[in-house]
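Take the sequence shown: its position 397, counting from 1, is numbered 397 in my numbering, and each next residue is one higher.
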Amino acid sequence: MTEFQAPKGVPDYLPPESARFVAVRDGLLEAARRAGYGDVELPIFEDTALFARGVGESTDVVSKEMYTFADRGDRSVTLRPEGTAGVIRAVIEHGLDRGPLPVKLCYSGPFFRYERPQAGRYRQLQQVGVEAIGVDDPALDAEVIAIADAGFRSLGLDGFRLEITSLGDDTCRPQYRELLQDFLFKLDLDEETRRRAQINPLRVLDDKRPAVREMTADAPVMLDHLSDVAKQHFDGVLAHLDALSVPYVINPRMVRGLDYYTKTTFEFVHDGLGAQSGIGGGGRYDGLMQQLGGKDLSGIGFGLGVDRTLLALAAEGKTVTGPARVQVFGVPLGADAKVRLAVLAAQLRAAGVRVDMAYGDRSLKAAMKGADRSGAAIALVAGDRDIEAGTIGVKDMATGEQVDVAVDEVLTEVLSRLRP
Ligand code: HAM
């Protein structure tokens, strides 16, 4: 074992895998940008209280999984476990909600949860997210969901399903909560589960133990007890999804790991991933902004797991490819050739071509091996004598064919070969 390893449960992405990571992240982000979402770059750590209040004290995320520490000024800060609370904090702090609504923002980056590491469950995870804040319109819920669906499909992914439900609003949630608690308190539950039923009864429906599952099989579900307004909202979302041809299944027992959700709530589930099957999730949050000290505005958003999307693509035997790492590779033999090829490399890079070259005065054979491994389509091969004669060998790496081209014409020749 090497002296240092990456922290437990934290993946490194290295070439060539890292190119796929970037292609997935950028592909998902692009789907959001096409719908008018603007990028935000927010702090990786925030005031601990922001997450405690925003995400909910009774969630596993806040009570068990946060990376919390005191900084040198003795302030309690936390590495962000999710993105929504920070976005809302920034919207309030900078008054973005005084401008046109909805405020549409997107982001990507690392999030931190001290979970038990396993396949597809990391302690540093990467998400692409969006938040649309300030308008409570079912069409907007459908837009957000359709963006995620389109993002996944743009990568070639299709072995997933969208599960959706409504968690109601503050006119029907409190009654439903009581109804569910009445049901749960009649069951023969252990002490801890009973306590959970007291604090957050919905979470009991998420219990994975078969005995508890069986007991709660007939538990009342929110979907059967929606207020007229919440029901109308939900029906509106489904009608829009139908119009957009976004397939979904209604899962009235869905339980999300964060407390801020109201009304529309959804998850993208992939069956090729084993236990960690959620490749993305999100929903509407009516009370969050006010709870964090802002106006009483609703919002909706999602977080898509970049790590898990990569795993899902692998499970489907698919791969996304970014641009080739290198398109052209220089093979100089001699000092003059090295200078000339380095200049050409700089000119090609300035023209937008990805170029690498052999360094360390290697033999022709070793340098050509480097060209081969780089994946370049074209090798530029030159010795000092070629440079003196004013030519450079332009080699097509696929066919092995090599022709001598006048030094002054190499740039044009390479560009025309790459962009016919
Ligand atoms: P979340 O469901 O907690 O939602 O996370 C979103 C996605 O992040 C999950 O579906 C999963 O793909 C990925 N993910 C979560 N935890 C891990 C982990 N330990 N390892 C690998 N991937 C993971 C949120 O975070 C909300 N902020 C989404 C949202 C935005 N809701 C409204 N707006």
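Ideal placement from N, C-alpha and C gives every residue a C-beta, glycine not left out.
**OP:** Would you identify the three-state DSSP class for residue 402, choosing helix, strand or coil?
**Re:** DSSP places residue 402 in the strand class (E or B) of the three-state scheme.
**OP:** Return the Cβ separation of residue 435 and residue 149 in integer angstroms, given the expectation that the two are a contact with Cβ distance under 8 Å.
**Re:** Limits of the chain in this structure are 1 at one end and 420 at the other, which puts residue 435 out of reach.
Original post:
Starting from residue 309 and walking both ways along the alpha helix (DSSP H), at which residues does that stretch end?
Top reply: For residue 309, the enclosing alpha helix (DSSP H) stretches over residues 306 to 315.
Original post:
Run through DSSP, which three-state label would residue 173 get?
Top reply: It is helical.
Original post:
Does the pairing of the segment 144 to 163 with the segment 274 to 285 give three or more beta-carbon distances under 8 Å?
Top reply: Result yes; three or more Cβ-Cβ pairs closer than 8 Å.
Original post:
Taking C-alpha atoms, which residue in 259, 28, 220, 264 lies nearest to residue 229?
Top reply: Check the Cα spacing between residue 229 and each of 259, 28, 220, 264: the tightest is with 264.
**OP:** Output yes or no for whether 8 Å exceeds the beta carbon distance between residue 45 and residue 72.
**Re:** For residue 45 and residue 72, no; Cβs fall outside 8 Å.
Original post:
In this structure, what does DSSP give as the bridge partners for residue 356?
Top reply: Its beta-bridge partners are 329.
**OP:** Consult DSSP for residue 241 and reduce its assignment to one of helix, strand or coil.
**Re:** Three-state result, residue 241: helix.
**OP:** Starting from residue 84, trace the alpha helix (DSSP H) both ways and give me its first and last residue.
**Re:** Going by DSSP, residue 84 is part of the alpha helix (DSSP H) stretching over 84 to 93.
**OP:** Pull up the distance between the alpha-carbon of residue 101 and that of residue 93, whole angstroms please.
**Re:** Taking the straight line from one Cα to the other gives about 16 Å.
**OP:** For residue 349, I'd like the list of residues in its chain whose CB is within less than 6 Å of its CB, leaving aside the five on either flank, ordered along the chain.
**Re:** Excluding its 5 nearest sequence neighbours in each direction, residue 349 has C-beta neighbours in its own chain below 6 Å: 355, listed in chain order.
**OP:** State whether the segment 289 to 306 contacts the segment 267 to 280, with contact taken as three or more CB pairs (one from each stretch) at a distance under 8 Å.
**Re:** Yes, the segment 289 to 306 is in contact with the segment 267 to 280.
Original post:
residue 408 bridges to which residues according to DSSP?
Top reply: BP columns for residue 408 are empty, so no partner.
Original post:
Measuring CB to CB, does residue 130 end up less than 8 Å from residue 167?
Top reply: Taking 8 Å as the Cβ cut-off, residue 130 and residue 167 do not qualify as a contacting pair.
Original post:
How about the segment 163 to 181 and the segment 46 to 53: do they share at least three Cβ pairs that are nearer than 8 Å?
Top reply: Contact between the segment 163 to 181 and the segment 46 to 53 is absent, because fewer than three Cβ pairs lie under 8 Å.
Original post:
Do residue 84 and the ligand HAM come close, with the Cβ less than 7 Å from some heavy atom?
Top reply: It does: the Cβ of residue 84 is within 7 Å (strictly closer) of some heavy atom of the ligand HAM.
**OP:** Take residue 120 and list the residues in its own chain whose beta-carbon comes closer than 6 Å to its own, dropping the five residues that flank it on each side.
**Re:** Within its own chain, the residues whose Cβ lies closer than 6 Å to the Cβ of residue 120, once the five positions on either side in sequence are excluded, are 273, 276, 308, 311, listed in chain order.
Original post:
Taking 7 Å as the line, does the beta carbon of residue 475 fall inside it for any heavy atom of the ligand HAM?
Top reply: Since the first and last residues shown for the chain are 1 and 420, residue 475 lies out of range.
Original post:
Comparing alpha-carbon positions, which option in 391, 335, 396 lies nearest residue 410?
Top reply: Just measuring C-alpha positions, the residue of 391, 335, 396 sitting nearest residue 410 is 391.
**OP:** Whole angstroms is fine: what's the gap from residue 325's alpha carbon to residue 158's?
**Re:** Take the alpha-carbon of residue 325 and the one of residue 158: they are about 27 Å apart.
Original post:
Any heavy atom of the ligand HAM closer than 7 Å to the CB of residue 54?
Top reply: Not so, every heavy atom of the ligand HAM lies at least 7 Å from the Cβ.
**OP:** Would you decide whether residue 399 is buried or exposed? Buried here means 16 or more other CB atoms lie within 10 Å of its CB.
**Re:** Exposed, because fewer than 16 other Cβ atoms sit within 10 Å of the Cβ of residue 399.
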